[in-house]
Each structure stands twice: as structure tokens, then as C-alpha cells.
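Trainee:
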Amino acid sequence: MISYYRMSTRTKKWTMRMVMHFTDLALANSWLLYRKDHAICAGPKTRPIQFLQFRMEVAKILLAQHHGADADLSTQSEEEEDSNQGVKRHVTELPHVSVRRRANAHLPEMIGLKNAMRCRQLGCTGRTRVRCMTCKVFLCLQTERNCYSAFHT
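Numbering-wise, the numbering used here comes out as the position in the sequence shown, counting from 1, plus 1235.
Following this line, the structure appears as C-alpha cells:
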């Protein structure tokens, strides 16, 4: 049941994955209880709402409650947001496999960044300043790990 509409987050922190999993579990159990109660109260003449619609309704209710509680603090939070707002970076999408596999179109370029970017190869946790000119993704290009080659083959 949970696998149909799982909350997906890109995080390495096990705590966040556990929070998302237990939230999914609570929503699935709540929907099963809703269906059981709906069958008893409404009878067979009406159909209960689908699981995705149930999740959306719960999300709308939670957002509405949160929005109502924040109405009093809106002036204070706006001032704090202006001072705390950091630089948001745009995440470059990974190119399609057909673009990645064209062997003659890819050249590495060294980018002079103050902070190295995270390698986009699956399973690699390294940081690099090498970017593919065609794909516009950062990939490791070192003797011990050649993610650039692995990404394009």
C-alpha cells in the first residue's frame, strides 16, 4: 500500500527517511480505517475516495491549519526570512541516456569555483570542479575514481 505513493526525498539522513516512511505508514493506515468506516456509515451506494485523493485532502487540511497559525506571526517571519534567506542553487537535470552515450560530443571543462560541487554519478559522494560541457553536470575525473567515463558509457 505504501509503495503506490511513497514520499521521495533525496537525503542521506536516515532520520528523514524514517520520518517520511512513518508518515506514509500513518497515511496508509488512516485510509484503511477511513474505508472501513465509510463502508459502515455510508453503505454500498457511495464509493470512498481513492488513496491519492485522501493523501491530498490530508495535505490540504494540514497546510490550512499551518497557514492559519502563521497569520499572526507573518510580519515577524517576513523580516526573519529576508535576513536568513540564502542563495538557492539550480539543480541541473541529468540528460537523457541517448545524449549521455554520444561519445564524440562530451568534453570535460575545469570550472574555477570556490567550493567544489557534488559528483552526479550514482553512488559517488565525491566533490569535483570538472563539468561536462555537453551535459552540464559535475563529474569526478581522477585516477582513483573516474566517474566522468562511467557516466558517459
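Where a beta carbon is used, it is the ideal one built from N, C-alpha and C, also for glycine.
So, are the CB atoms of C1370 and T1363 less than 8 Å apart?
Mentor: no
Trainee: Consider the Cβ of S1265: report whether some Cβ of chain D lies at a distance smaller than 8 Å.
Mentor: Checking the listed chains, one finds no chain D in this structure; it contains a single protein chain.
Trainee: When the Cα atoms are used, what is the spatial distance from L1262 to K1247?
Mentor: When rounded, the distance between both Cα atoms is 23 Å.
Trainee: Nearest CA to the CA of F1289: which residue from V1326, A1340, Y1240?
Mentor: Y1240
Trainee: Which of the three DSSP states, helix, strand or coil, is assigned to E1344?
Mentor: strand
Trainee: Could you have a look at C1382 and say whether DSSP puts it in helix, strand or coil?
Mentor: helix
Trainee: Cα separation between L1267 and F1257?
Mentor: 15 Å
Trainee: Assuming contact is defined by CB atoms lying nearer than 8 Å, are C1367 and R1380 in contact in what I supplied?
Mentor: no
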